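Numbering (the numbering used here), first residue to last: 108 to 703.
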């Protein structure tokens with residue numbers, strides 16, 4: 108993968124090696140429950156550094172330690188925030204809140220327009236110097252000192268705590284000089300340190316990540332402030348953020364970062380931080396579902412058995428030692444599971460539930476509900492339930508054609524198909540000589556079987572080769588059966604390390620699909636609902652008609668009467684449908700577009 112790594116931004120920087128323990132920032136911040144206030148005196152401007160970094164970015168691994176040494180060497184001058192981004196590979200921390208990270212860093216509709224990783228801004232502008240704008244080597248101690256030597260127009264005083272799983276922040280923003288602009292107050296929840304062992308998946312070798320962005324209190328836009336301030340004006344800070352739906356790796360590492368930014372020019376006037384958030388509870392017994400996981404994206408038609416995994420959390424002040432779990436699929440009778448163990452407040456666990464048998468439909472709903480934490484009534488039942496959806500894979504013919512248009516790194520891609528017993532019945536890997544070529548695979552499977560197609564890209568970027576300057580194309584994959592029913596499609600426009608889809612092969616293929624070719628016509632096509640069926644009299648009688656959605660679901664299956672001359676599709680939604688006529692050992696399938 109050296110070629111692709113060469114595309115990543117590389118640079119050298121020289122930073123003094125300074126070994127320092129973690130500092131708790133006291134200036135402009137609250138440590139434990141103490142409130143730090145600055146009165147009306149003007150204060151130095153804190154250097155606020157924001158970084159785009161990534162857990163699979165090799166230059167990030169080599170340059171971030173030096174950056175953190177400089178940040179740690181200036182605890183009274185620097186506040187730092189890292190956005191884990193989506194390029195060049197996989198980063199689990201980006202997936203924790205992709206929407207807000209993209210809104211802040213994207214070069215398209217985002218705020219800053221970061222273009223490589225690692226890259227930094229300070230006070231809202233890319234740091235300049237000998238390297239490209241934003242290169243880490245451009246950051247010097249003198250530039251930090253210059254920011255800190257400037258007097259800020261604002262003082263920030265803060266107090267923050269966690270009560271019943273909600274972060275509460277109070278304080279004030281005080282103007283110490285006249286200032287105007289499109290001013291916004293942004294409050295950020297971050298984690299001081301995340302260990303790679305807690306957030307696995309990155310490939311660059313970093314073992315820990317620092318000051319990682321988690322969530323904006325009031326969205327990326329922040330809170331609008333008055334456009335004109337005079338010295339002595341003040342704004343009261345009083346906001347709250349629930350942690351219930353936020354992925355936190357270590358609650359002891361949570362911190363707040365607050366900054367005032369002028370969106371006219373992105374200049375950051377002042378920043379402050381609270382590193383230690385005291386925790387208290389007013390409720391004792393409360394179990395909270397996190398999600399239902401480890402379920403297939405789709406199952407085949409017919410009777411299926413799925414053993415879901417439920418993740419739940421202690422969301423109360425007492426240790427959680429027992430809880431009852433009731434669960435079902437598609438509203439069937441509840442199955443029950445009694446869990447026992449020991450979870451301290453905020454701790455979580457996962458439980459693999461017993462297999463649940465159901466008859467699959469187009470959309471299958473898995474429901475799970477917690478009750479009786481520690482044998483007591485749950486003090487907050489609003490967070491006791493979780494749902495998840497399992498789709499139904501297409502039902503197709505057993506003869507498949509896979510068409511792959513490779514990007515520039517065909518050797519990264521592989522696939523396999525497993526049957527219902529878990530046996531691999533087809534698989535393929537590729538080599539670099541097949542890059543930027545079309546590869547066609549013909550696959551023959553058994554009828555009346557349930558299969559799962561697995562896709563894998565070893566680098567993690569899928570067929571999204573066009574994102575790199577040396578590769579002119581994205582690739583794509585299409586799998587269809589002989590009637591054109593789509594089994595799988597990936598257009599290559601986004602990173603995709605792994606994917607899978609289940610499908611059935613219950614449509615018989617023993618009939619002669621060409622026996623009726625050219626003898627049955629459907630018009631008009633497109634149609635608004637009624638389709639005229641042109642059929643010679645010698646093939647009428649004992650004729651069945653089937654209508655499939657484009658993903659292979661059977662919508663209609665009945666006898667087509669000898670006297671019928673039309674087919675009514677008006678009850679279906681607009682789209683493309685497959686109409687199949689079967690007469691003894693002959694059949695034909697045609698596509699019809701419905702547009703009402």
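We treat Cβ as the ideally placed atom computed from N, Cα and C, and that holds for glycine. Nothing here was measured: the structure is a model prediction, and the numbers come from that model.
Quick test of your reading: residue i and residue j, contact by CB under 8 Å. State the CB separation rounded to the nearest angstrom.
{"i": "residue 436", "j": "residue 477", "result": "With 8 Å as the limit, residue 436 and residue 477 do not qualify as a contact, their Cβ atoms being about 17 Å apart."}
{"i": "residue 581", "j": "residue 602", "result": "Rounded, the Cβ-Cβ distance is 11 Å, inconsistent with contact."}
{"i": "residue 452", "j": "residue 482", "result": "About 18 Å separates the two Cβ atoms, so there is no contact after all."}
{"i": "residue 673", "j": "residue 637", "result": "5 Å"}
{"i": "residue 366", "j": "residue 503", "result": "The Cβ separation is near 54 Å, so there is no contact."}
{"i": "residue 280", "j": "residue 342", "result": "4 Å"}
{"i": "residue 166", "j": "residue 225", "result": "6 Å"}
{"i": "residue 704", "j": "residue 395", "result": "With the chain covering 108 to 703 only, the question about residue 704 has no answer from this structure."}
{"i": "residue 506", "j": "residue 467", "result": "Actually they are not in contact, since the Cβ atoms of residue 506 and residue 467 sit about 23 Å apart, beyond 8 Å."}
{"i": "residue 223", "j": "residue 378", "result": "With a Cβ gap of about 24 Å, residue 223 and residue 378 do not count as contacting."}
Are there 16 or more other CB atoms within 10 angstroms of the CB of residue i, so buried, or fewer, so exposed?
{"i": "residue 260", "result": "buried"}
{"i": "residue 230", "result": "buried"}
{"i": "residue 702", "result": "exposed"}
{"i": "residue 322", "result": "buried"}
{"i": "residue 547", "result": "exposed"}
{"i": "residue 348", "result": "buried"}
{"i": "residue 273", "result": "exposed"}
{"i": "residue 629", "result": "buried"}
{"i": "residue 445", "result": "exposed"}
{"i": "residue 459", "result": "exposed"}
{"i": "residue 400", "result": "exposed"}
{"i": "residue 577", "result": "exposed"}
{"i": "residue 566", "result": "buried"}
{"i": "residue 665", "result": "exposed"}
{"i": "residue 708", "result": "Any property of residue 708 remains undetermined from this structure, which presents the chain solely from 108 to 703."}
Give the range of the alpha helix (DSSP H) segment to which residue i is assigned.
{"i": "residue 252", "result": "248-256"}
{"i": "residue 284", "result": "Premise fails: residue 284 is in no alpha helix (DSSP H) and is neither H nor E."}
{"i": "residue 208", "result": "205-212"}
Is the separation between the beta-carbon of residue i and that of residue j shorter than 8 Å?
{"i": "residue 364", "j": "residue 589", "result": "no"}
{"i": "residue 634", "j": "residue 554", "result": "no"}
{"i": "residue 465", "j": "residue 411", "result": "yes"}
{"i": "residue 361", "j": "residue 332", "result": "no"}
{"i": "residue 250", "j": "residue 228", "result": "no"}
{"i": "residue 276", "j": "residue 263", "result": "no"}
{"i": "residue 492", "j": "residue 474", "result": "yes"}
{"i": "residue 667", "j": "residue 683", "result": "no"}
{"i": "residue 457", "j": "residue 448", "result": "no"}
{"i": "residue 381", "j": "residue 517", "result": "no"}
{"i": "residue 515", "j": "residue 542", "result": "yes"}
{"i": "residue 319", "j": "residue 344", "result": "no"}
{"i": "residue 101", "j": "residue 697", "result": "The question about residue 101 has no answer, for the chain in this structure spans 108 to 703."}
From what residue to what residue does the beta strand (DSSP E) around residue i run?
{"i": "residue 291", "result": "290-302"}
{"i": "residue 652", "result": "650-656"}
{"i": "residue 173", "result": "Careful: residue 173 lies outside any beta strand (DSSP E), inside the alpha helix (DSSP H) at 165-179."}
{"i": "residue 663", "result": "661-667"}
{"i": "residue 322", "result": "315-323"}
{"i": "residue 446", "result": "442-450"}
{"i": "residue 578", "result": "Segment: none, residue 578 is in no beta strand (DSSP E) and carries neither H nor E."}
{"i": "residue 477", "result": "470-478"}
{"i": "residue 554", "result": "No beta strand (DSSP E) holds residue 554; DSSP gives it neither H nor E."}
{"i": "residue 642", "result": "Element bounds for residue 642: n/a, residue is neither H nor E."}
{"i": "residue 245", "result": "Looking at the DSSP string, residue 245 is not in any beta strand (DSSP E), and its letter there is neither H nor E."}
{"i": "residue 484", "result": "Residue 484 -> no beta strand (DSSP E), and no H or E assigned at all."}
{"i": "residue 510", "result": "506-512"}
{"i": "residue 421", "result": "416-421"}
{"i": "residue 435", "result": "427-436"}
{"i": "residue 271", "result": "Where residue 271 is concerned, there is no enclosing beta strand (DSSP E), given that its DSSP letter is neither H nor E."}
{"i": "residue 609", "result": "605-611"}
{"i": "residue 201", "result": "Element bounds for residue 201: n/a, residue is neither H nor E."}
{"i": "residue 589", "result": "That residue, residue 589, is in no beta strand (DSSP E); it is neither H nor E in DSSP."}
{"i": "residue 519", "result": "Note, residue 519: premise wrong, no beta strand (DSSP E); not H, not E."}
{"i": "residue 159", "result": "154-160"}
{"i": "residue 674", "result": "673-675"}
Taking 7 Å as the cut-off, is the C-beta of residue i nearer than that to any heavy atom in the ligand FMN?
{"i": "residue 698", "result": "No copy of the ligand FMN occurs in the structure displayed, which carries no ligand at all."}
Are the C-beta of residue i and some C-beta of chain C separated by less than 8 Å?
{"i": "residue 458", "result": "No chain C is present in this structure, which holds just one protein chain."}
contact_flag[the segment 590-607, the segment 562-570] where n(CB pairs < 8 Å) is 3 or more: yes
contact_flag[the segment 366-384, the segment 285-295] where n(CB pairs < 8 Å) is 3 or more: yes
Meets three-Cβ-pair contact criterion under 8 Å: the segment 439-447 and the segment 517-537: no
Cβ pair count under 8 Å reaching 3, the segment 399-416 against the segment 166-184: no
Cβ contact (3+ pairs, closer than 8 Å) linking the segment 233-247 and the segment 257-275: no
Inter-stretch contact (C-beta, 8 Å, three-pair minimum) for the segment 569-579 and the segment 479-494: no
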